[in-house]
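Read through the structure below, which is laid out as structure tokens, and then see the notes.
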Amino acid sequence: MKEFLQFKLVHFGEINIMVYHILAIVGVVVATRLVLFILRRFFKRQIKIGQFDEGRAWAFYQIIKYVVIVAAIAVGLELVGVKLTLLLAGSAALLVGFGLGVQQQFNDLVSGLVLLFEGTVSIGDIVELEGLVGKITEINIRTSEVVTRDGIIIIVPNSKLVSDKVINWSHNRQSTRFKVSVGVAYGSDVRKATALIEQAAAKHPEVAKKPKPFGRFMNFGNSSLDLEIRFWSKNMWEIESIKSDIRFEINELFNKNGIEIPFPQTDIHIKSNHTK
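So the sequence shown is numbered by numbering that gives the first Met the number 0: it starts at 0 and just counts up by one.
Next up, the structure:
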């Protein structure tokens, strides 16, 4: 058995890789996967009982995961006789040249660490980036995954989430104010129409009760009297469907109460000049 374990598989300079090296590396890999599995189960349990916020818990898990993987790689190299100090010193010049060529990737990597440590953007947050609204489903060391309302997964470099202007709709966990605009025909009872649009918004279950929705008479338009209902909601992800439901309800209430929603009209006056 001893001879089998010390049997040389690869000989490279002063490095001899034997059977027991391979078995040791397999042991390190198995131990690493087991540790990560236990950590993942631990954080899942903490999220389930409400001990940790989901986004922050997975951020901690990602940080620990990368530390464990780096430590496992270092242990594996040491087991086969590779001295990390000599390896880094000998490849310093190469690493400098390589670093210059991958500056953007390094920037994304550092940005990923910033996101994981600061927690300004966490898994499950709804963000708006360059006019696109999506939900963060995964934060990796270099890129993050964002799923849109259409179910499209977009890979976003972490540097964009750190340096670009990003609206995090989930950051403060408070209700956000939205609005729906509608016009009524000239001659309509504006106060009654305003009360009806307030009623339509307040009826929706996803609209906050406090503060209460309120209507405004915004302007005298070219073809309509312009009204606007403003309301608060925490459900940013479904907000477009919520707005649609409110519009349906406004249309039904206006029809029942005889209030007309006009369409653009243009009056043309023809003046004739009769000469004798």
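Backbone N, C-alpha and C fix where the C-beta goes; we use that ideal spot for every residue, glycine too. These figures come from a predicted structure and were not determined experimentally.
Secondary structure of Gly214 (DSSP, three-state): strand.
For the pair Ile260 and Val181, the CB atoms are nearer than the 8 Å cut-off. Every candidate alpha helix (DSSP H) stretch fails here, since none sits fully inside the segment 114-149 while reaching 4 residues.
As a beta-bridge residue in DSSP terms, Pro156 pairs with Thr142. Of Ile24, Ile68 and Ile21, the smallest CA-CA separation from Val34 is found for Ile68. If you draw a straight line from the Cα of Phe41 to the Cα of Ser143, it comes to about 23 Å. By a beta-carbon distance limit of 8 Å, Gly133 contacts Val145. Their separation comes to about 4 Å. With respect to the C-alpha of Asn139, the residue from Thr147, Val126 and Asn157 having the closest C-alpha is Asn157.
Distance from the Cα of Lys209 is smallest, within the candidate group Asp225, Lys202, Phe262 and Trp231, for Trp231. CA-to-CA, the gap between Met235 and Pro204 works out to about 14 Å. In the assembly as shown, Ile166 is an exposed residue. Its beta-carbon has fewer than 16 other beta-carbons within 10 Å. Just so you know, the alpha carbons of Ala71 and Ala58 end up roughly 20 Å apart. The alpha-carbon separation between Glu137 and Leu252 amounts to approximately 43 Å. In the three-state reduction of the DSSP assignment, Lys164 falls in the coil class.
A distance below 8 Å separates the beta carbons of Ile228 and Ile196.
The beta-bridge partner set that DSSP reports for Arg229 consists of Lys178 and Phe213.
In this chain, Gln173 is not harboured by any alpha helix (DSSP H), its DSSP state being neither H nor E.
Within the model, the alpha-carbon separation for Leu226 versus Met217 is close to 5 Å. Phe219 is bridged by DSSP to Leu224. Annotation: Asp124 to Arg148 spans about 13 Å, alpha carbon to alpha carbon. For Ala199, the enclosing alpha helix (DSSP H) begins and ends at Val189 to Lys202. By the neighbour-count criterion, in which a residue is buried when 16 or more other Cβ atoms sit within 10 angstroms of its Cβ, Ser243 is exposed. Here Ser162 is exposed, its C-beta having fewer than 16 other C-beta atoms within 10 Å. For Phe253, the enclosing alpha helix (DSSP H) begins and ends at Ile238 to Lys255.
The three-state reading of DSSP puts Val183 in strand, counting E and B together. In this structure, the beta-carbon distance from Ala199 to Glu237 does not fall below 8 Å.
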